[in-house]
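Those letters in the sequence shown? Residues 222 to 422, per my numbering, in order.
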Amino acid sequence: MLDAKLRPLIDPPLGRAGTALARAGVTANALTFAGLALGLGGAGAIATGHIGWGLGLIIANRLADGLDGAVARARGPSDLGGYFDIVADFAFYVSVPLAFGILAPANTLPGLVLVASFVLTGVSFLAFAVIAAKRGETTEAHGRKSFFYSTGLAEGAETIAVFIAMCLAPSWFGAIAYAYAALCVATVVQRSLMAAASFRG
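Structure below.
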């Protein structure tokens, strides 16, 4: 919901940094895997009770994620890079609620519910992208991407805001997880309605 609105604000500085990194020989895939390592490290920190470190590593993960796309645009995007990027994103996304579930038994059920909602959201997102590509549809609402990015209520910006809120108020993890899981399910419904309108016939 917020990703496309934030692009005009974050793309110019990311673009400049990405161009500089590309000139220095840094590849987008290297940043993708570095970002994944940071994100999983953040989840590990949370799981072991070091939530402050976890929050810092989550923010570092998102910075790396923004930079890998900027470097890809500077060097020329690749299908393999797009594949690695989306796999790394979802591996990171599911690791955070899993980490909170490990941290405290009371978090296990809401963590599982949130992970399940991420799976549904991811399936709807990727299925829409596959069919949109088959039909030759394109969009740059989220910038230039390797495949079709459909808009939804729950996107990357909302997810990171939720993760930050969980780190700042871990005792509220359950309530935050259930509320965001409901928004993810609403996103699946929204995207399904978009699919019905776009793909009919």
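Note that the Cβ used here is the ideal one computed from N, Cα and C, for glycine as well.
Membership of Ala245 in any alpha helix (DSSP H) is not indicated, and neither H nor E is assigned to it by DSSP. DSSP places Glu379 in the uninterrupted alpha helix (DSSP H) bounded by 377 to 389. In this structure, the straight-line span from the alpha carbon of Pro318 to that of Leu347 is close to 21 angstroms. Taking Phe311 as the centre and dropping the five residues before and after it, the same chain places the C-beta of Phe339, Gly343 closer than 8 angstroms to its C-beta, in chain order. For the pair Ala382 and Phe394, the Cα-to-Cα distance works out to about 13 angstroms. For Pro298, there is no enclosing alpha helix (DSSP H), as DSSP gives it neither H nor E. With contacts defined by Cβ atoms closer than 7 angstroms, Leu288 and Leu259 do not form a contacting pair. Looking from the CA of Ile272, the closest CA among Ser299, Asp286, Ala386 belongs to Ala386.
Following the DSSP letters along the chain, one finds Gly265 inside the alpha helix (DSSP H) bounded by residues 249 to 268. The C-beta distance from Ala295 to Gly239 rounds to 5 angstroms, short enough to fall under 8 angstroms. Proximity to Gly332 across Leu404, Gly263, Ala407, Tyr399 peaks at Tyr399, based on C-alpha coordinates. For Ser345 and Leu414, the gap between their C-alpha atoms comes out near 11 angstroms. Ranked by how close their Cα comes to the Cα of Ser392, the residues Val247, Phe321, Gly275 have Phe321 in first place. In the DSSP annotation of this structure, the continuous segment of the alpha helix (DSSP H) that includes Leu347 starts and ends at 329 to 355.
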